[in-house]
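Numbering (UniProt numbering), first residue to last: 1 to 345. Written out below as structure tokens is the structure these notes cover.
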Amino acid sequence: MNQGVLEQGVDLQPCNTLRLPGHAQWFAHIVDPEVLPELLEWADAQRLPVQVLGGGSNVVLRSDINGVVLGMAIHERQWQVLDDDQAILSLGAGENWDSVVRYAAAIGYRGLENLALIPGTVGAAPIQNIGAYGRELSDVFESLDAWDRREGRFRTLGPEACEFGYRDSLFKRDPERFIIVRVRVRLSRSAAFRLDYGELAREVADYDDPQQELTPEAIADLVSRIRLAKLPDPAVLPNAGSFFKNPVVDQATGDALKQRFPELVAHPDPAGVKLAAGWLIEQCGWKGHREAHVGVHSKQALVLIHHGNGSGAELLALAERIREDVRARFGVALEIEPRLIGNAG
């Protein structure tokens, strides 16, 4: 094993957008996937657990991480043009997601524009099947390459194998097995835009024919403006974006809640009714709340923030109190969206 790949005792506070404190026992910057087999063999021989860390935008660092942290820094952008309309874009796991969205939109390809300004890296995108404004990664996903730790080989997985769901995937449910190194998306120059969701629908209401008048770049700009208006910049106010998933309930439960709470914010979903978690939290009085070093954002109750000098334990304790209040008032269980990493104790 080339020890030059590894660093010891690396500070992870700059590596997560919540800026929570913690250190990695070992840290490896992965710029070439071919180093993975030898590195993982060494970690297994040392009986060291392995944790992948991308942009750190969708994680809660509870404390130090024992074992090896892999910082994915694989950069690649390659096109496979299929015809005059469609193309497959292959991306290294370390590519910045928003940069990729802008890159594809500037060339005129449609499919990623609703996902503008979502923080993080390409390799993390399939893990939670990122989505926004009516679109999800799975809508344009073609395949990915990953190292399968169970089988000891690189594999290519298509959409069905990834088992995508709402902010969910095989990789989220079995986080120890796969290390994603490359993601492919299928884009089109003529696909219909998705413009009927929430604030985006209101933004395009003045267009006579938005499908013809708008471009992928223009929609990415609109989405970015909406996000910037209600979501704090992690560089200014540390956060991990949406801290809770929007809960999905069956139709009967949704109807009953709507009858009790006529102002309930909800959207149709294939599984029933998707509730706006931010609205539920706000109704419980948590919006703008602060407890010592952590709190709830004043403009978007779905976002928990770290004011500095706090810990992952503090943030998770606040999250649990919010969950308890929502459960008590609405009978709905909120699920934390970011991955929890680091020692729990």
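Cβ coordinates follow ideal geometry from the N, Cα and C atoms, glycine included. Every value quoted in this text rests on a predicted model; they were computed, and no experiment measured them.
**OP:** Give a yes or no on whether the minimum CB-CB distance between ARG155 and chain D is below 8 Å.
**Re:** Looking at the structure shown, chain D is missing, and only one protein chain is on hand.
Original post:
If you compare alpha carbons, which of GLN283, GLY165, ALA271 is closest to LEU264?
Top reply: GLN283
Subject >> Three-state secondary structure assigned by DSSP to PRO80 >> reply: It should be noted that the sequence gives Gln, not Pro, for residue 80. GLN80 falls in the strand class under three-state DSSP.
**OP:** Using three-state DSSP, classify TRP97 as helix, strand or coil.
**Re:** Here DSSP, grouped into helix, strand and coil, assigns TRP97 to helix.
Original post:
Is the beta carbon of ASN246 less than 8 Å from the beta carbon of ILE305?
Top reply: no
**OP:** Could you tell me how far apart the beta carbons of TRP97 and ILE74 are, in whole angstroms, since I believe they sit closer than 8 Å?
**Re:** Rounded to the nearest angstrom, the Cβ distance from TRP97 to ILE74 is 14 Å, too far for a contact under 8 Å.
**OP:** Measure the alpha-carbon distance for LEU6 versus VAL59 and round it to whole angstroms.
**Re:** Roughly 22 Å separates the two Cα atoms.
Original post:
From VAL50 to LEU40, what does the alpha carbon distance come to, in whole angstroms?
Top reply: 8 Å
**OP:** Keeping to the same chain, check which residues put their C-beta closer than 6 Å to that of PHE164; ignore five residues upstream and five downstream.
**Re:** ASN129, SER138
Subject >> Nearest neighbour of ARG88, chosen from TYR207, PHE141, VAL294, PHE243 [CA to CA] >> reply: Here residue 88 is Ile; the residue named in the question, Arg, does not match the sequence. Nearest of TYR207, PHE141, VAL294, PHE243 to ILE88, Cα basis: PHE141.
Original post:
Which same chain residues, not among the five before or five after GLY120, have their C-beta less than 7 Å away from its C-beta?
Top reply: GLY54, GLY55, SER57, ASN58, TRP97
Original post:
Got a sec, what are the start and stop residues for the beta strand (DSSP E) GLY272 sits in?
Top reply: 272 to 275
Original post:
Which whole runs of the beta strand (DSSP E) in the stretch 272 to 345 are 3 residues long or more, in chain order?
Top reply: 272 to 275, 294 to 296, 303 to 306, 339 to 341
**OP:** Using beta-carbon positions only, say whether ARG62 and ALA344 come within less than 8 Å of one another.
**Re:** yes
Original post:
Would you say the beta carbon of GLN25 comes nearer than 7 Å to a heavy atom of the ligand SAM?
Top reply: Although the ligand SAM was asked about, the structure shown includes no ligands whatsoever.
Original post:
DSSP state of GLU176, grouped into three classes?
Top reply: coil
Original post:
Pick from VAL294, LYS172, ASN16, ASP269: whose alpha carbon is nearest that of ARG321?
Top reply: Answer by Cα proximity: VAL294.
**OP:** Just tell me which of SER143, GLY152, LEU214 has its CA closest to the CA of GLU160.
**Re:** From the listed residues SER143, GLY152, LEU214, the smallest Cα separation to GLU160 is found for SER143.
Original post:
Does the separation of the CB atoms of ARG110 and ALA220 fall below 8 Å?
Top reply: no
Subject >> Three or more C-beta pairs below 8 Å linking the stretch 212 to 231 and the stretch 25 to 33 >> reply: no
Original post:
Which residues bound the beta strand (DSSP E) around ASP145?
Top reply: 141 to 148
Subject >> C-alpha distance - LEU280 paired with VAL236, whole-angstrom precision >> reply: 26 Å
**OP:** Determine which residues share a DSSP beta bridge with LEU187 and list them.
**Re:** ALA87
Original post:
When DSSP builds the beta bridges, which residues end up paired with ALA28?
Top reply: LEU6, LEU70
**OP:** Can you tell me the Cβ-Cβ gap for SER224 and ALA124, rounded? I've got them flagged as a contact below 8 Å.
**Re:** Rounded, the Cβ-Cβ distance is 19 Å, inconsistent with contact.
Original post:
Taking the C-alpha atoms as reference points, what is the distance between GLU291 and GLY22?
Top reply: For GLU291 and GLY22, the distance between alpha carbons rounds to 21 Å.
**OP:** Take THR17 and list the residues in its own chain whose beta-carbon comes closer than 7 Å to its own, dropping the five residues that flank it on each side.
**Re:** GLY56, SER57, PRO119, PRO234, PRO238, ASN239, ALA240
**OP:** Taking 8 Å as the cut-off, decide whether the C-beta atoms of LEU36 and VAL68 are in contact.
**Re:** no
Subject >> Close beta carbons around LYS299, own chain, < 7 Å, minus the five adjacent residues each side >> reply: LYS230
Original post:
Where do the N-terminal and C-terminal ends of the alpha helix (DSSP H) with PRO268 fall, by residue?
Top reply: Premise fails: PRO268 lies in the beta strand (DSSP E), 266 to 269, not in any alpha helix (DSSP H).
Original post:
Looking only at its own chain, which residues have a Cβ that is under 6 Å from the Cβ of LEU257, when we skip the five neighbours before and after it?
Top reply: LEU264
Subject >> 8 Å CB neighbourhood of ARG77 in its chain, flanking five on each side removed >> reply: LEU89, SER90, LEU91, GLY92, GLU95, VAL100, TYR103
Original post:
Which residues in the same chain as HIS267 place their Cβ atom closer than 7 Å to its Cβ, once the five residues preceding and following it in sequence are excluded?
Top reply: LYS274
**OP:** Please go through the same chain and pick out, in chain order, the residues whose beta-carbon is closer than 7 Å to the beta-carbon of GLU217, but skip the five residues on each side of it.
**Re:** ALA105, ALA106
Original post:
Between GLY272, ARG19, ALA132, which lies nearest to LEU200 when the distance is taken from Cα to Cα?
Top reply: Nearest of GLY272, ARG19, ALA132 to LEU200, Cα basis: ALA132.
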